[in-house]
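Chains F and Y, in that order, give the protein sequences. For the first sequence, position 416 matches number 409 in our numbering, and the numbering has no gaps at all. For the second sequence, position 186 matches number 179 in our numbering, and the numbering has no gaps at all.
There are 2 protein chains.
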Amino acid sequence: MENRASLIERLESQAQTIRRDILTMIYKAQSGHPGGSLSATDIVTALYFHVLRVDPGNPKWLERDRFIMSKGHACPSWYACLAERGFFPKEELLTLREINGRLQGHPDMKKTPGIDFTTGSLGQGLSGGVGMALGLKRKKPSTHVYVLLSDGELNEGQVWEAAMAAAKFKLDNLTAIIDYNDLQLDGYCHEVMPFEPLREKWLAFNWQVFEMDGHDMGNILDTIEKAKRIKDKPSVIIAHTVKGKGVSFMEDKCDWHGKSPNDEQFVQAMKELGADNPQTLQKELRKPSRPSKSSFLSDISRESLSATNKKVADQNLIPTRDAFGEALVELGAEMPNLVVLEADISKSTRTNRFAKRFPARFYQFGIAEANMMVAAAGMSTTGKIPFYSTYAVFGSMRACEQLRTFVAYPHLNVKVAVSHGGITPANDGVTHQATEDLGMMRTIPGLVVIMPGDYYATKALVRAAAKYKGPVYLRFTRDAIPIIYGSEDSFEIGKGKLLREGNDISIIAIGDMLCQALKAAELLGEEGISAEVIDMHTLKPIDQDIILTTAQKTGYVLTVEDHQIECGLGGAVAEVLIENLPTPMRRIGLRNTFAESGRYDLLLEKYGMSANHIFITAKQLLDASDS
Amino acid sequence: MENRASLIERLESQAQTIRRDILTMIYKAQSGHPGGSLSATDIVTALYFHVLRVDPGNPKWLERDRFIMSKGHACPSWYACLAERGFFPKEELLTLREINGRLQGHPDMKKTPGIDFTTGSLGQGLSGGVGMALGLKRKKPSTHVYVLLSDGELNEGQVWEAAMAAAKFKLDNLTAIIDYNDLQLDGYCHEVMPFEPLREKWLAFNWQVFEMDGHDMGNILDTIEKAKRIKDKPSVIIAHTVKGKGVSFMEDKCDWHGKSPNDEQFVQAMKELGADNPQTLQKELRKPSRPSKSSFLSDISRESLSATNKKVADQNLIPTRDAFGEALVELGAEMPNLVVLEADISKSTRTNRFAKRFPARFYQFGIAEANMMVAAAGMSTTGKIPFYSTYAVFGSMRACEQLRTFVAYPHLNVKVAVSHGGITPANDGVTHQATEDLGMMRTIPGLVVIMPGDYYATKALVRAAAKYKGPVYLRFTRDAIPIIYGSEDSFEIGKGKLLREGNDISIIAIGDMLCQALKAAELLGEEGISAEVIDMHTLKPIDQDIILTTAQKTGYVLTVEDHQIECGLGGAVAEVLIENLPTPMRRIGLRNTFAESGRYDLLLEKYGMSANHIFITAKQLLDASDS
């Protein structure tokens, strides 16, 4: 039998391998979260190479212990352990975040062997663990459920709901481990949303509390063993860790939360982690697989746009979240009552620029979107104009009732301004892709719903929303899209914009799909089909006049949206047409399916949302009606 | 100046008046929540008649103190204090929960003078208070924000999110008061979801903690004063109270959470509260204003139904939640893996019957819908078939992302079975009326969405959902609706049911609107118009065939739903028709508006959803197309 010293030595060595795997995966993908993966590595290694009863040959073995990585963005550490344990081939690690791959940007229980629970949205895993532990509690032989949480997740009230429930149900087959590196996306936890005294919190929620050094293998093993022996209550282990552990320049640096290393950084990191030939590896991994500008979706001819009297500033690709960040700073200078509420992702939503310029009007609420929504409602009653900022999945769905009942019902002056609309957080995968939000938001009475089509439209429509008195939902892109408009273009809430005139078919598009629609119109033009293109930046209230005018003119309508084809733009236009002017129509968008991780342009192609698909569908619609 | 003794005496006497007002309002309305109103009375009286700086003549006075009743169902105590302070005429108290009234079933800041914040959905008020306190913090003169919470609300994680934020922002202008009577809807708090040690919890969240006797006026005044003087941190007062305080037979009885007194109980209660002539008052208040069966919507002729080979069991009115409760018990006996997860409202959702019969398979999660959703997901991975039970607003909107990402994305075998669909919780008002959920749920890929049309349809479709492998959203009515089907009728998920054949127009209805559609078809028949009626109990996947067949046959389509006209049934049918067979259509439902409190049948009339409106709209559709 393995003695303790050799066990620890084996695990420590294994952990170094896992760290190299993590770096390799993220470098290859040029996307992912190294900081939190490295901080969790020793714990996950201890679990998978000593603690957990699992069977790589039979991942669904009923008697297995369960593991949930609630901090799903650290999945590279999970994937590496699963691969090294033999759940799937190691080479597959190089497919991280790739289209058609099994290793999604955040863990997917249906795709990856060995993944017991889907995660990625923070604050959720402990609840899943409570459900599993309840379901397994009376089973023999007993199985144990481990949930790894980040520290930032503790901002989420749902963690405390789960904590209360686990104590009530006396779930002694449940152990939570907190990867406490004191860094979340926007900075130190003790600054973003202080949660100390942490031990006292868990004690007050009736858990058995342990602490350990999350990088001391012996300490890890002993503590997990002690926690497992606790009876009649759940146990939590506060693991003191270092974000980016093992790579000197990543350690305790919040910049390394979600950044991939460049060539030099990769070589340096791998050297520190004891890799044999890091430079050779780097060269092997480095392939020119990233989209070049010309292969991307920006090749709309300048002629096409200028023909519609629009000035194309240039063909740069810019995410509309960038325009939002800029607009906020400009509006902040003009409107002293404008305040920004942020849920720990200001670097990503671009509200960090506002925060820097107007620190006294920037409120960092941490990862607690539900509370932040109703707090925004409360602030608006005191005369402030709150911009509520987070990702679209959270703003629309995690805080859905809060938005509906506390913002929209009393028609308060709150702007829910969210990034990562549609599949534009392409590499992150489904948990971060809001593809149902437009329909959901459109159902809410009195809520204005907007998705601008480019940089300039965003700047103008954020301004219009700030000046409008009432609740607005504004959706931006994470990934870059072409610039279509010029700075002199004007936009009015509730008024669609005729971008290109045509006689044969009307293409009505919203948001990042506008450039695809324009490109498709060009392709159609080459075949002698004259397509009209309308930018329906405001989904609600929908511009009924422009829809009926164009449908009357062309007789055929095609809607295009980065969203499910149900309820969103396609639904809105269908409702207008069927009641007023029944006209043959087709909808382009996701067809009752979630998408996946992958490059944005490839996803558009796979899910039938590219210019080419619009082109084909338009022709089919015209052909079907001819026959 | 008033001395302490006379101050206390005045407030105590005032509190008795408030208690009599509360009883009177609820008796008159025959709807409302006496237990929690009475337990809060002394505190709210102290606030409104001594503590708060408010001006009844100028309710929006900028320098006023703010009060939020987070436990919104106790609003009769708030309304009574506002009326007695002169914010609106006392006589208006008798309009509680009445249609076109200003006193909604739960507080509405846009309708009622003096109400600073809309509430009714539990766990939300403290977040609103955080926002207000932040917005007012730097204002001079300083104003103070008071939030009254129930004890059951502490189950909601959002309260702890708000607690963390308030401490971070050092909101010393915020005082939370917890009405701790240890009773929530389903029983004692310490049984439903234990939250003790409560003092330690708040201390661990960095609040200053006080305790007081919530019925001792001197103690109340002193404690509130002490709390107000705390600097640099928020303060919380744990007020020990008795539910139903002041009425002997209501005290400490959880049955009196949401029940209105009958004639004898009213007289008895008013006697105990020192009313002069309770019997006379009772007779004055008692008016036969409740709907009689024949004046209601159940008068569909037996002939009409039998003509379509449907057996009408009888004309009883039964809420479909009752059928759900019965079906669960039957299925529980057959399916050993079926479990029920409940959020503190089992008496109302009718899962209490299952709880009684199968206590080991009933999991009481308290008022924590988000956690419960992901816990249901976790349980399903262990082979259980969880029925997740709460109200529709909470199941669809409070736990929206949880349902979408953790149940639907991994396509887990969870049944979200929710009561209070549409405006059927008519008296409760907007916070409890889910009128956006069908569209929202329909947008989620792979989720089955069902609303049965009566008692028998519910029993059959709950069974079908239990047997179906995958996620399902099932929506029931709170209020009673007629029985349409017989026990031998069969139902298949995804297949609409042709209920009545016709040639001139197709009426497609869902849920509680089915009986209205049938009635409308009769009215049309009297004018020689032959209407086809289809029960579209499954909204997703929508039965495309039946829609196209009927549209082809009649040439005109009308959709009828207890929901916004956007995105729901109307949206689904519009999408099918416009892509396949553009056909003139109209939608019946809420038109981009929230509803209000009031009698169900009156609300249907006011919001244009009654049989009569269907009849008129059908005729308009036919006329418009003739011309």
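Cβ atoms here follow ideal geometry from the backbone N, Cα and C, with glycine treated the same way.
Alpha carbon of residue i to alpha carbon of residue j, nearest angstrom
i: Leu214 of chain F; j: Ala39 of chain F; result: 7 Å
i: Leu119 of chain Y; j: Val152 of chain Y; result: 6 Å
i: Ala513 of chain F; j: Leu615 of chain F; result: 14 Å
i: Lys408 of chain F; j: Glu149 of chain Y; result: 25 Å
i: Ser590 of chain F; j: Thr17 of chain F; result: 18 Å
i: Gly128 of chain Y; j: Leu141 of chain Y; result: 19 Å
i: Gly561 of chain F; j: Thr576 of chain Y; result: 21 Å
i: Ser618 of chain Y; j: Val423 of chain F; result: 45 Å
i: Thr111 of chain F; j: Ser382 of chain Y; result: 22 Å
i: Val138 of chain F; j: Thr216 of chain F; result: 15 Å
i: Ser288 of chain F; j: Asp538 of chain Y; result: For Ser288 of chain F, the predicted structure reports a pLDDT of 42, less than 50, and the residue's modelled location is therefore unreliable. The matter cannot be settled from this model.
Limits of the beta strand (DSSP E) - the one that residue i falls within
i: Ser228 of chain F; result: 228 to 233
i: Met62 of chain F; result: 59 to 62
i: His556 of chain F; result: 550 to 557
i: Tyr139 of chain F; result: 138 to 143
Beta-carbon spacing of residue i, residue j below 8 Å
i: Leu551 of chain Y; j: Ile571 of chain F; result: no
i: Asp482 of chain Y; j: Thr313 of chain Y; result: no
i: Asp278 of chain F; j: Tyr41 of chain F; result: The identity of residue 278 of chain F in the sequence shown is Leu, whereas the question assumes Asp. Their beta carbons are not under 8 Å apart, which means Leu278 of chain F does not touch Tyr41 of chain F by this criterion.
i: Thr417 of chain Y; j: Asp505 of chain Y; result: yes
i: Asp337 of chain Y; j: Gly145 of chain Y; result: yes
i: Tyr478 of chain F; j: His425 of chain F; result: no
i: Gly415 of chain F; j: Asp555 of chain F; result: yes
i: Thr159 of chain F; j: Leu167 of chain F; result: For the sequence presented, residue 159 of chain F should be read as Ala rather than Thr. Yes. Within cutoff.
i: Tyr72 of chain F; j: Leu55 of chain F; result: no
i: Thr547 of chain F; j: Asn585 of chain F; result: no
i: Ile28 of chain Y; j: Lys163 of chain Y; result: Note on identity: in this sequence residue 28 of chain Y is Gly, with Ile being the wrong assignment. No. Outside cutoff.
i: Gly371 of chain F; j: Ala401 of chain F; result: no
i: Asp175 of chain Y; j: Tyr181 of chain Y; result: yes
i: Ile486 of chain Y; j: Tyr461 of chain Y; result: yes
Boundaries of the alpha helix (DSSP H) in which residue i is found, first to last residue
i: Val455 of chain F; result: 448 to 460
i: Gln357 of chain F; result: Note, Gln357 of chain F: premise wrong, no alpha helix (DSSP H); beta strand (DSSP E) at 355 to 357.
i: Leu595 of chain F; result: 593 to 599
i: Val37 of chain Y; result: 27 to 39
i: Phe380 of chain F; result: Run containing Phe380 of chain F: none in the alpha helix (DSSP H); it sits in the beta strand (DSSP E), 378 to 384.
Chain F contact for residue i (CB, 8 Å cutoff)
i: Pro227 of chain Y; result: no
i: Pro418 of chain Y; result: no
i: Phe259 of chain Y; result: no
i: Phe347 of chain Y; result: no
i: Tyr549 of chain Y; result: no
i: Met433 of chain Y; result: yes
i: His26 of chain Y; result: no
i: Met263 of chain Y; result: no
Chain Y within 8 Å of residue i, Cβ atoms only
i: Asp616 of chain F; result: no
i: Leu176 of chain F; result: no
i: Leu570 of chain F; result: yes
i: Ala459 of chain F; result: no
i: Ile437 of chain F; result: yes
i: Phe289 of chain F; result: Note that Phe289 of chain F has pLDDT 43, beneath the 50 cutoff, so the model's placement of it is unreliable and no number is given.
i: Tyr466 of chain F; result: no
The stretch 363 to 393 of chain F: positions lying closer than 9 Å to chain Y by Cβ: Ala363, Asn364, Met365, Met366, Val367, Ala368, Ala369, Ala370, Gly371, Met372, Ser373, Thr374, Thr375, Gly376, Lys377, Pro379, Val386, Phe387, Ser389, Met390, Arg391, Ala392, Cys393
Where the stretch 145 to 158 of chain F meets chain Y: residues whose CB sits under 8 Å from a CB there: Asn148, Glu149, Gly150, Gln151, Val152, Trp153, Glu154, Ala155, Met157, Ala158
Contact residues within the stretch 108 to 128 of chain F, judged by C-beta distance below 9 Å to chain Y: Answer set for the stretch 108 to 128 of chain F: Asp109, Phe110, Thr111, Thr112, Gly113, Ser114, Gly116, Gln117, Gly118, Leu119, Ser120, Gly121, Gly122, Val123, Gly124, Met125, Ala126, Leu127, Gly128.
Chain-ordered residues of the stretch 569 to 596 of chain Y with a beta carbon less than 8 Å from chain F: For the stretch 569 to 596 of chain Y, which is checked against every Cβ of chain F, the residues closer than 8 Å are Leu570, Ile571, Glu572, Pro575, Thr576, Pro577, Met578, Arg579, Arg580, Leu583, Asn585, Thr586, Phe587.
Interfacial residues, the stretch 59 to 85 of chain F to chain Y, with Cβ spacing under 9 Å: Arg59, Ile61
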